[in-house]
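Down below is the structure, laid out as structure tokens.
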């Protein structure tokens, strides 16, 4: 059961990191269409967070929040990468890099998750699918 809790917290924090990344750049976005896509992605991440929290509650546990250093690091990286370039293309590239990292990490976690808890595996696959869709949807903004 410990692996279940750990994996659910990973899913929660991964989706939370997506929300943080979007929040970090949304104020720099000038393209309405791009902003709409980012808000849709944020909503998808929020739904995954809610589902992870609900499953954790079934196990009698609470979600483990992202630590402040992860949030600060994300913000600082955003500031550095946008200091000279706030173009839609650069912002899309940054978000794609985050989704790419998310795809790699969730795939690795899924491959190493030995337990066959269908609800958790389905949520992990939903996160993977969300990251892949995000990547695909952002390509047109490069």
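In the working numbering, the protein residues as written are 16 to 157. Even for Gly, the Cβ is constructed at its ideal location relative to N, Cα and C. Quick caveat: nothing in here was measured; it's all calculated off a predicted structure.
Residue closest to residue 111, alpha-carbon to alpha-carbon, out of 72, 53 and 69: Ranked by Cα distance from residue 111, the options 72, 53 and 69 are led by 53.
Cα-Cα separation, residue 143 to residue 108: For residue 143 and residue 108, the distance between alpha carbons rounds to 19 Å.
The stretch 76-85 contacting the stretch 19-39, beta-carbon criterion three pairs below 8 Å: Cβ pair count under 8 Å is three or more, so yes.
DSSP state of residue 77 mapped onto helix, strand, coil: Collapsing the DSSP output to three states places residue 77 in coil.
Three CB pairs or more closer than 8 Å across the stretch 135-155 and the stretch 64-71: The stretch 135-155 vs the stretch 64-71: in contact.
Helix, strand or coil at residue 154 according to DSSP, with G and I counted as helix: In the structure shown, residue 154 sits in a helix (DSSP, three-state: H, G or I).
Own chain, CB closer than 6 Å to residue 150, minus 5 neighbours either side, in chain order: So the list reads 111 and 114, once near-sequence residues are dropped.
For residue 42, the three-state DSSP class (helix, strand or coil): The three-state reading of DSSP puts residue 42 in coil, since its state is none of H, G, I, E or B.
Same chain, Cβ closer than 6 Å to residue 157, neighbours up to 5 away in sequence not counted: The answer, listed in chain order, is 104 and 107.
Runs of alpha helix (DSSP H) lying entirely within the stretch 16-73, each at least 4 residues, in chain order: The qualifying runs are 17-41 and 47-73.
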